[in-house]
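A short worksheet on the structure shown next.
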Amino acid sequence: MITDESRATMISALAMAWAIKGDVPQARAVVDTAGLQKRYLDIGLQQCLAMRAACKFLQGHRAQAIADIDRLYAVNPDYPNVTEVKSEMLAGTFKLEQRQPFPDWYPKNVSASSLAEPAPQLSPDGQWRWDGAAWVPNAPASRGDRDH
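For the sequence shown, the working numbering gives the first residue as 66, with consecutive numbering after it.
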């Protein structure tokens, strides 16, 4: 069963994905479904409030964004980076942090590898071809085809 807190966390993550993609209005629409008018905000709703503040700032509503950050600080002064985010918003330098496509522990050479080459349809000597299920003899072109 999904709890209200985990639902709010998922809403926040989905909104973050839209915002990073560049669709801030869609991110704001998603985060506005979280029910932030409640008096008590669990950690999931706090994440949504932080995301809504980011969306408001990125949409040019700086004062409303700072008001959301102030509310977040009042609810949880230990929320990660809340004072730094407020300082950045006041200075006008706030921007979304780009997520890493791979975790820190993921091998660097694997993340940068190229895609595997598709299997060849003809054997190296040209005598066999793959028909999708098995290797079959490659039929030579008919004599009439070579003359014309």
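Don't be surprised by glycine CBs; every beta carbon is placed ideally from N, CA and C.
- Between methionine 116 and valine 96, the CB-CB gap stays under 9 Å.
- In the DSSP annotation of this structure, tryptophan 83 is not part of any beta strand (DSSP E); the continuous alpha helix (DSSP H) holding it starts and ends at 69-86.
- DSSP, reduced to helix, strand and coil, places proline 189 outside both helices and strands of the structure shown, so it counts as coil.
- With contacts defined by Cβ atoms closer than 9 Å, arginine 93 and alanine 80 form a contacting pair.
- Closest in C-alpha terms to isoleucine 85, from the list Arg127, Asp190, Asp169, Leu161, comes Leu161.
- About 7 Å separates the CB atoms of leucine 114 and arginine 136; that is less than 8 Å, so the two are in contact.
- Within the stretch 104-175, the complete alpha helix (DSSP H) segments of 4 residues or longer fall at 108-123, 127-140, 147-156, listed in chain order.
- Glutamine 186 counts as exposed, since fewer than 16 other C-beta atoms from the protein chains shown sit within 10 angstroms of its C-beta.
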